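Protein chains in written order, with our numbering: chain Z, 1217 to 1329; chain X, 3 to 117.
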């Protein structure tokens, strides 16, 4: 399944499927972007980051894509597992550091076993 | 990886009391710490930036006299919610970094409930 953006704050996928979570950022001057995972009652956990001089970055089972033309960021999770169930936030920064982050609204990912 | 410890994880208090939340960087020196507030099903909103040895910088709309921040050492920042009221009930989260271009690490959060 694919999240169509902030209009669909929840995403439900079957275990083993790939998940795509989208984010539209607001500031064209932002040059650093991060995806965080937040489980209920816990603080955000860093997943992956990307700088504006890149359009794709891969981690373990996760890929972040950046489209600066339309100010769009996506997080792809391969072979989604029940442990991936959480709320995912994108964050942007306009100073090239992680200092003053602006968080997106978040998408809740539910993985059905 | 670096660890940020936040304490307490949960606090329930009566209206009018003050509550102190601690944020510690356990294995690195944090020149800068940040305090966020998160209401249910909402995103994190930055409240203030705390720099060691200097006054905190508050975001617009955040009352500095109500949310007192102290960053007296490179490993500890505290947020004190003074004269707490039910509308202050929220999830408070701190984060810390070693410097301007260093990765940010988050604490586990504090759920404040004011009765």
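Using N, Cα and C, we set each Cβ at its ideal position, and we do this for glycine too. As the structure is a prediction and not an experimental result, all values here were calculated from the model.
Next item on the list: Kindly give me the distance between the Cβ atoms of residue 1317 (chain Z) and residue 1301 (chain Z), rounded to whole angstroms, as I take these residues to be in contact under 8 Å.
Entry: In the first chain, residue 1317 (chain Z) corresponds to position 101, counting from 1. In the first chain, residue 1301 (chain Z) corresponds to position 85, counting from 1. No, residue 1317 (chain Z) and residue 1301 (chain Z) are not in contact; Cβ-Cβ is about 23 Å, not under 8 Å.
Next item on the list: Can you give me the Cβ contacts of residue 112 (chain X) inside the same chain, cut-off strictly under 8 Å, excluding the 5 residues immediately before and after it?
Entry: Stepping through the second chain from its first residue, residue 112 (chain X) is reached at position 110. Counting only Cβ-Cβ distances below 8 Å, and skipping sequence neighbours, we find 8, 9, 10, 11, 12, 13, 23, 93, 94 and 95.
Next item on the list: List the residues of chain X that residue 1320 (chain Z) touches, going by C-beta distances under 7 Å, in chain order.
Entry: Position 104 of the first chain holds residue 1320 (chain Z). The answer, in chain order, is 45.
Margin query: Using C-beta distances below 7 Å, list every residue in its chain close to residue 1284 (chain Z), excluding the 5 sequence neighbours before and after it, in chain order.
Written below: Mapped onto the first chain, residue 1284 (chain Z) falls at position 68. The beta carbon of residue 1284 (chain Z) sits closer than 7 Å to those of 1268, all from its chain and outside the five residues before and after it, given in chain order.
Item checked: Cβ distance (whole Å) where residue 1193 (chain Z) is taken to contact residue 108 (chain X) below 8 Å -> Since the first and last residues shown for chain Z are 1217 and 1329, residue 1193 (chain Z) lies out of range.
Notebook entry, point to check: Taking Cβ positions only, does residue 1299 (chain Z) come closer than 8 Å to chain X?
Noted result: Translated into the one-based positions of the first chain, residue 1299 (chain Z) becomes position 83. Taking Cβ atoms only, chain X never reaches closer than 8 Å to residue 1299 (chain Z), which makes this a no.
Next item on the list: Please name the residue in Z:1255, Z:1262 and Z:1250 whose C-alpha comes closest to that of residue 1272 (chain Z).
Entry: On the first chain, position 56 is the one that residue 1272 (chain Z) refers to. Of the candidates Z:1255, Z:1262 and Z:1250, the one whose C-alpha sits nearest the C-alpha of residue 1272 (chain Z) is Z:1250.
Check: Since residue 108 (chain X) sits in a beta bridge, which residues does DSSP pair it with?
Finding: What you label residue 108 (chain X) is simply residue 106 of the second chain in a count that begins at 1. In the DSSP output, where bridge partners are listed per residue, residue 108 (chain X) has X:97.
Check: Can you give the beta carbon distance from residue 200 (chain X) to residue 74 (chain X), rounded, assuming they're within the 8 Å contact cut?
Finding: Nothing about residue 200 (chain X) can be read from this structure; chain X reaches only from 3 to 117.
Note to self: Only counting the same chain, and skipping five residues up and downstream in sequence, which positions put a Cβ closer than 6 Å to that of residue 79 (chain X)?
What the structure shows: The sequence position of residue 79 (chain X) within the second chain is 77, counting from 1. Counting only Cβ-Cβ distances below 6 Å, and skipping sequence neighbours, we find 25, 35, 52 and 73.
Margin query: Using C-beta distances below 6 Å, list every residue in its chain close to residue 1292 (chain Z), excluding the 5 sequence neighbours before and after it, in chain order.
Written below: Taking the first residue of the first chain as 1, we reach residue 1292 (chain Z) at position 76. Only residues of its own chain outside the window of five on either side were considered, and among them 1236 and 1279 have a CB closer than 6 Å to the CB of residue 1292 (chain Z), listed in chain order.
Check: Taking just the CA atoms, how far does residue 1310 (chain Z) sit from residue 1282 (chain Z)?
Finding: Indexing the first chain from 1 puts residue 1282 (chain Z) at position 66. Indexing the first chain from 1 puts residue 1310 (chain Z) at position 94. Counting only the Cα atoms, residue 1310 (chain Z) lies some 15 Å from residue 1282 (chain Z).
Check: Apart from the five residues just before and just after residue 31 (chain X), which ones in its own chain have a Cβ nearer than 7 Å to its Cβ?
Finding: The residue labelled residue 31 (chain X) in the question sits at position 29 within the second chain. So the list reads 76, 77 and 100, once near-sequence residues are dropped.
Item checked: Pairwise C-alpha distance: residue 1246 (chain Z) and residue 43 (chain X) -> Translated into positions along the second chain, residue 43 (chain X) becomes position 41. Translated into positions along the first chain, residue 1246 (chain Z) becomes position 30. Approximately 25 Å between the Cα atoms of the pair.
Next item on the list: To the nearest angstrom, report how far apart residue 1225 (chain Z) and residue 1294 (chain Z) are at their CA atoms.
Entry: Your numbering for residue 1225 (chain Z) matches position 9 in the first chain. Your numbering for residue 1294 (chain Z) matches position 78 in the first chain. Cα to Cα, the separation comes out at about 20 Å.
Next item on the list: List the residues of chain X that residue 1258 (chain Z) touches, going by C-beta distances under 8 Å, in chain order.
Entry: Your numbering for residue 1258 (chain Z) matches position 42 in the first chain. The contact set of residue 1258 (chain Z) on chain X, defined by CB atoms closer than 8 Å, consists of 110 and 111 in chain order.
Next item on the list: Using a Cβ cut-off of 9 Å, pull out every chain X residue sitting near residue 1316 (chain Z), in sequence order please.
Entry: Taking the first chain and counting its residues from 1, the one referred to as residue 1316 (chain Z) is at position 100. Listed along the chain, the chain X residues whose CB falls inside 9 Å of the CB of residue 1316 (chain Z) are 36, 48 and 51.
Next item on the list: Could you check if residue 67 (chain X) is buried or exposed, using at least 16 other CB atoms within 10 Å of its CB as the buried criterion?
Entry: For this step, residue 67 (chain X) is matched to residue 65 along the second chain. A residue is called buried when at least 16 other Cβ atoms come within 10 angstroms of its Cβ; residue 67 (chain X) does not meet this threshold and is exposed.
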